[in-house]
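Quick mapping for you: the protein sequence lines, in order, are chains A and B. Here this note's numbering is used: position 36 in the first sequence is 43, and no number is missing along the way. Here this note's numbering is used: position 76 in the second sequence is 83, and no number is missing along the way.
There are 2 protein chains.
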Amino acid sequence: MKALEEKILKDGEVIGTEIVKVDGFINHKIDVKFMDEMGNEFARLFKDARPNKILTVEASGIAIACSASRSFGYIPVVFAKKAAPNTMTEDTYTAEARSFTKGTVSLIRVSKKHLEKGDRVLILDDFLAHGEAGLALCDIVKQAGAEVVGLGAAIEKTYQGGAAKLRGYGINVKSLAAIAKIEDGKVTFTKSE
Amino acid sequence: MKALEEKILKDGEVIGTEIVKVDGFINHKIDVKFMDEMGNEFARLFKDARPNKILTVEASGIAIACSASRSFGYIPVVFAKKAAPNTMTEDTYTAEARSFTKGTVSLIRVSKKHLEKGDRVLILDDFLAHGEAGLALCDIVKQAGAEVVGLGAAIEKTYQGGAAKLRGYGINVKSLAAIAKIEDGKVTFTKSE
Chain A
8 MKALEEKILK DGEVIGTEIV KVDGFINHKI DVKFMDEMGN EFARLFKDAR PNKILTVEAS
68 GIAIACSASR SFGYIPVVFA KKAAPNTMTE DTYTAEARSF TKGTVSLIRV SKKHLEKGDR
128 VLILDDFLAH GEAGLALCDI VKQAGAEVVG LGAAIEKTYQ GGAAKLRGYG INVKSLAAIA
188 KIEDGKVTFT KSE
Chain B
8 MKALEEKILK DGEVIGTEIV KVDGFINHKI DVKFMDEMGN EFARLFKDAR PNKILTVEAS
68 GIAIACSASR SFGYIPVVFA KKAAPNTMTE DTYTAEARSF TKGTVSLIRV SKKHLEKGDR
128 VLILDDFLAH GEAGLALCDI VKQAGAEVVG LGAAIEKTYQ GGAAKLRGYG INVKSLAAIA
188 KIEDGKVTFT KSE
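Below, the structure is given as structure tokens:
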């Protein structure tokens with residue numbers, strides 16, 4: 008998605024050789040109009056996958072997932088939780104996910120009543136780096152007896168290997184912008200799939 | 008908002024006398040079409056406040072804030088963070104917020120570059136209970152030299168006193184549904200303001 012590549016180059020902020028910050032329009036301050044454009048693009052890319060539900064993980068995936076839901080004609084969004092509130096009394100599916108940017112491992116969980124056998128689940132998130140969150144979400148979908156029909160990320164960091172790992176498991180992975188490398192403060196894109 | 012009261016009665020789940028769970032359409036599984044209807048209602052209620060920015064806190068406020076942004080013609084959404092990722096290297100405004108449902112106190116933070124002096128900020132969240140998150144967000148807006156032009160909650164739990172406390176500080180507080188009491192598993196609404 009050319010517009011996203013341009014926005015990353017214009018508003019993204021490079022830290023070292025691993026991280027590009029997009030907190031000015033995706034994961035702290037949100038450009039909702041741009042989210043809707045990304046939502047439309049996800050709907051175009053995954054149209055043939057015919058998802059009936061979108062699964063993401065709190066917090067940065069929520070805005071993107073809601074925009075995509077709208078583009079798919081308002082299919083439900085479920086977001087996995089990282090902490091268990093005391094209102095979460097029911098049975099849950101859980102999986103461990105490591106966060107590269109926070110340096111933590113969280114147990115993410117989804118209430119069993121929100122994922123059903125037979126669901127065709129599209130997993131969406133803001134970043135796809137090492138693929139840890141994606142793998143945890145796939146695990147949860149599998150536990151529910153549902154099917155992962157696709158996994159989309161706004162920004163794939165190809166050099167961190169998560170997309171390749173997930174494709175190796177047979178997952179239909181697509182991203183809107185794929186970063187091949189960050190060198191001397193400069194972001195280089197590769198063709199996204 | 009009649010539709011929200013009806014949805015709480017139909018899909019909400021009462022726990023004891025303090026809590027009503029709305030994880031089936033607001034804060035775990037999201038009914039995005041209904042979020043958009045709530046967003047329209049917030050835009051109607053706070054039209055005269057002329058906000059230029061919406062502030063919420065991760066994670067449950069994000070979907071509502073994005074829907075309202077759209078109804079206001081796409082004003083930016085900023086969500087306060089509860090944990091500091093290692094990409095958050097810049098100066099932040101911080102305030103402490105107690106979570107009634109999680110039994111924790113978190114330090115919430117907003118990057119200084121995303122709130123500016125002169126901003127007219129509408130604070131939105133899913134619940135307004137004891138008002139702790141609302142007060143913390145107001146504090147952050149004040150630190151930025153910006154103005155809180157309104158505070159809206161989808162669901163106000165009037166009996167927990169947060170709305171009255173915030174109104175006592177002169178904040179323009181409105182909610183889409185106001186719960187007066189929960190007794191014998193039954194939710195009773197009062198007129199929301």
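Glycine included, C-beta positions come from ideal geometry on N, C-alpha and C. Computed from a predicted model, the values in this text were never measured in an experiment.
Quiz prompt | Alpha carbon of Ile115 of chain A to alpha carbon of Lys88 of chain B, nearest angstrom | solution = Position 108 of the first sequence, counted from the start, is the residue given in the question as residue 115 of chain A. Position 81 of the second sequence, counted from the start, is the residue given in the question as residue 88 of chain B. Looking at the two C-alpha atoms, the distance is approximately 18 Å.
Quiz prompt | For Val180 of chain A and Tyr166 of chain B, the rounded distance between their alpha carbons | solution = Walking along the second sequence from the start, residue 166 of chain B turns up at place 159. Walking along the first sequence from the start, residue 180 of chain A turns up at place 173. If you take the alpha carbons of Tyr166 of chain B and Val180 of chain A, they lie about 48 Å apart.
Quiz item: In chain order, which beta strand (DSSP E) runs of at least 3 residues are fully inside the region 42 to 71 of chain B?
Solution: 60 to 64
Self-check item: Residues within the region 130 to 148 of chain B neighbouring chain A, beta-carbon criterion of under 9 Å
Solution: none
Quiz item: Applying a beta-carbon distance threshold of less than 7 Å, which residues of chain A neighbour Tyr81 of chain B?
Solution: The count along the second sequence starts at 1 and reaches residue 81 of chain B at position 74. Simply Val39 and Lys40.
Quiz item: Taking Cβ to Cβ, would you say Val49 of chain B is nearer than 9 Å to Ser78 of chain B?
Solution: If you number the second sequence from 1, residue 49 of chain B lands on position 42. If you number the second sequence from 1, residue 78 of chain B lands on position 71. The sequence given here has Phe at residue 49 of chain B, not Val. Yes.
Practice problem: Give the interface partners of Glu4 of chain A over in chain B, defined as CB-CB distance under 9 Å, in chain order. | Solution: This structure does not reach residue 4 of chain A, given that chain A is present from 8 up to 200, and the question cannot be answered.
Quiz item: By how many angstroms is the C-alpha of Ala72 of chain A removed from the C-alpha of Thr197 of chain B?
Solution: Here residue 197 of chain B is taken as the residue at index 190 of the second sequence, counted from 1. Here residue 72 of chain A is taken as the residue at index 65 of the first sequence, counted from 1. Rounded to whole angstroms, Thr197 of chain B to Ala72 of chain A spans 33 Å at the Cα level.
Practice problem: With 7 Å as the C-beta to C-beta threshold (strictly closer), list the residues of the region 55 to 80 of chain A near chain B in chain order. | Solution: Glu65, Ala66, Ile69, Ala70, Cys73, Ser76 and Arg77
Quiz prompt | 9 Å Cβ cutoff met for Ala170 of chain A and Ala160 of chain A | solution = In the first sequence, counting from the first residue as 1, residue 170 of chain A sits at position 163. In the first sequence, counting from the first residue as 1, residue 160 of chain A sits at position 153. The answer is yes: Cβ separation under 9 Å.
Quiz prompt | Helix, strand or coil at Ala185 of chain B [DSSP, three-state] | solution = Position 178 of the second sequence, counted from the start, is the residue given in the question as residue 185 of chain B. Here Ala185 of chain B sits in strand by DSSP.
Practice problem: List the DSSP bridge partners of Arg236 of chain B. | Solution: Because chain B spans 8 through 200 in this model, residue 236 of chain B falls outside it and cannot be assessed.
Quiz item: Going by C-alpha distance, which of A:Met8, A:Ser113, A:Lys60 and A:Pro83 is nearest Asp43 of chain B?
Solution: The residue you call residue 43 of chain B lines up with position 36 of the second sequence. Checking every option, the nearest Cα to that of Asp43 of chain B belongs to A:Pro83.
Quiz item: Rounded to a whole number of angstroms, what is the C-alpha to C-alpha distance between Lys149 of chain A and Leu62 of chain A?
Solution: Along the first sequence, read from residue 1 onward, the residue named residue 149 of chain A stands at position 142. Along the first sequence, read from residue 1 onward, the residue named residue 62 of chain A stands at position 55. One C-alpha to the other measures close to 13 Å.
Quiz item: Assuming Glu103 of chain B and Phe86 of chain B make a contact with CB atoms under 8 Å, what is their CB distance in whole Å?
Solution: Residue mapping note: residue 103 of chain B aligns to position 96 of the second sequence, counting from 1. Residue mapping note: residue 86 of chain B aligns to position 79 of the second sequence, counting from 1. Actually they are not in contact, since the Cβ atoms of Glu103 of chain B and Phe86 of chain B sit about 17 Å apart, beyond 8 Å.
Quiz item: Can you tell me the Cα-Cα spacing of Glu123 of chain B and Lys17 of chain A, whole angstroms?
Solution: Your numbering for residue 123 of chain B matches position 116 in the second sequence. Your numbering for residue 17 of chain A matches position 10 in the first sequence. Looking at the two C-alpha atoms, the distance is approximately 21 Å.
Exercise. Indicate whether at least one CB of chain B lies closer than 9 Å to the CB of Val180 of chain A.
Key: Along the first sequence, one-based indexing puts residue 180 of chain A at 173. No, because no Cβ of chain B sits closer than 9 Å to the Cβ of Val180 of chain A.
Practice problem: Using DSSP bridges, identify the partner residues of Ala160 of chain A. | Solution: Within the first sequence, residue 160 of chain A is the residue found at index 153, counting from 1. For Ala160 of chain A, the pairing in a beta bridge is given by DSSP as A:Asp132 and A:Ser182.
Practice problem: Using 10 angstroms around the beta-carbon of Gly110 of chain A, count the other beta-carbons present and answer buried if the total reaches 16, otherwise exposed. | Solution: The sequence position of residue 110 of chain A within the first sequence is 103, counting from 1. Answer is exposed; the Cβ neighbour count stays below 16.
Quiz item: Can you list the residues of chain B that Val155 of chain A reaches, using a CB-CB cut of under 7 Å?
Solution: Taking the first sequence and counting its residues from 1, the one referred to as residue 155 of chain A is at position 148. Within chain B, no residue comes near Val155 of chain A; the closest Cβ sits about 18 Å away, beyond 7 Å.
Self-check item: Neighbouring residues, chain B, relative to Ser118 of chain A (Cβ below 7 Å)
Solution: The count along the first sequence starts at 1 and reaches residue 118 of chain A at position 111. Simply Asp30 and His35.
Quiz prompt | Outcome for Asp38 of chain A when other beta-carbon atoms lying within 10 angstroms are tallied against a minimum of 16 | solution = Reading the first sequence from its first residue, position 31 is the one you call residue 38 of chain A. The residue in question, Asp38 of chain A, is buried, as its Cβ has 16 or more Cβ neighbours within 10 Å.
Quiz item: Of all the CB atoms in chain B, is at least one closer than 9 Å to the CB of Phe86 of chain A?
Solution: Counting from one through the first sequence, the residue named residue 86 of chain A turns up at place 79. For Phe86 of chain A, a Cβ of chain B is located within less than 9 Å of the residue's own Cβ.
Quiz item: Is there at least one Cβ from chain B nearer than 9 Å to Ala90 of chain A's Cβ?
Solution: Looking up residue 90 of chain A in the first sequence gives position 83. At a cut-off of 9 Å between beta-carbon atoms, Ala90 of chain A makes contact with chain B.
Quiz prompt | Bounding residues of the alpha helix (DSSP H) (the contiguous stretch that carries Glu12 of chain B) | solution = Taking the second sequence and counting its residues from 1, the one referred to as residue 12 of chain B is at position 5. Per DSSP, Glu12 of chain B belongs to the alpha helix (DSSP H) from Lys9 to Asp18.
Quiz item: To the nearest whole angstrom, what separates the beta carbons of Ile69 of chain B and Ala184 of chain B, a pair I think is in contact under 8 Å?
Solution: Taking the second sequence and counting its residues from 1, one reaches residue 69 of chain B at position 62. Taking the second sequence and counting its residues from 1, one reaches residue 184 of chain B at position 177. Actually they are not in contact, since the Cβ atoms of Ile69 of chain B and Ala184 of chain B sit about 20 Å apart, beyond 8 Å.
Exercise. Sort A:Phe32, A:Met8, A:Ile33 and A:Ile22 by Cα distance to Asp191 of chain A and report the nearest one.
Key: Against the first sequence, residue 191 of chain A aligns to sequence position 184. Considering only alpha carbons, the answer is A:Ile22.
Quiz item: Would you call the CB atoms of Val117 of chain A and Thr99 of chain A closer than 9 Å?
Solution: For the purposes of this step, residue 117 of chain A is identified with residue 110 of the first sequence, where counting begins at 1. For the purposes of this step, residue 99 of chain A is identified with residue 92 of the first sequence, where counting begins at 1. Taking 9 Å as the Cβ cut-off, Val117 of chain A and Thr99 of chain A qualify as a contacting pair.
Quiz item: Can you name, in chain order, every residue of its own chain whose Cβ lies under 6 Å from the Cβ of Glu163 of chain A, other than the five neighbours on each side?
Solution: The residue labelled residue 163 of chain A in the question sits at position 156 within the first sequence. Within the same chain, Glu163 of chain A has close Cβ partners Leu135, Ala170, Ser182 and Ala185.
Quiz item: Got a sec, what are the start and stop residues for the alpha helix (DSSP H) Val29 of chain B sits in?
Solution: The residue labelled residue 29 of chain B in the question sits at position 22 within the second sequence. Val29 of chain B -> no alpha helix (DSSP H), and no H or E assigned at all.
Quiz item: Does the Cβ of Asp55 of chain A have 16 or more other Cβ atoms within 10 Å, making it buried, or fewer, making it exposed?
Solution: Along the first sequence, one-based indexing puts residue 55 of chain A at 48. Per the 10 Å Cβ criterion, exposed.
Quiz item: For Asp18 of chain A and chain B, any beta-carbon pair shorter than 9 Å?
Solution: Stepping through the first sequence from its first residue, residue 18 of chain A is reached at position 11. No - not a single Cβ of chain B is within 9 Å of the one on Asp18 of chain A.
Quiz item: So what's Thr108 of chain B in DSSP terms, helix, strand or just coil?
Solution: Within the second sequence, the letter at position 101 stands for residue 108 of chain B. Residue state, collapsed to three classes: coil.
Practice problem: For chain B, find out if any of its Cβ atoms is closer than 9 Å to the Cβ of Asp43 of chain A; answer yes or no. | Solution: One-based indexing of the first sequence puts residue 43 of chain A at position 36. At least one chain B Cβ lies under 9 Å of Asp43 of chain A.
Quiz item: Can you check whether the CB of Val27 of chain B is closer than 9 Å to the CB of Asp133 of chain B?
Solution: Counted from its first residue, the second sequence places residue 133 of chain B at position 126. Counted from its first residue, the second sequence places residue 27 of chain B at position 20. Contact: no.
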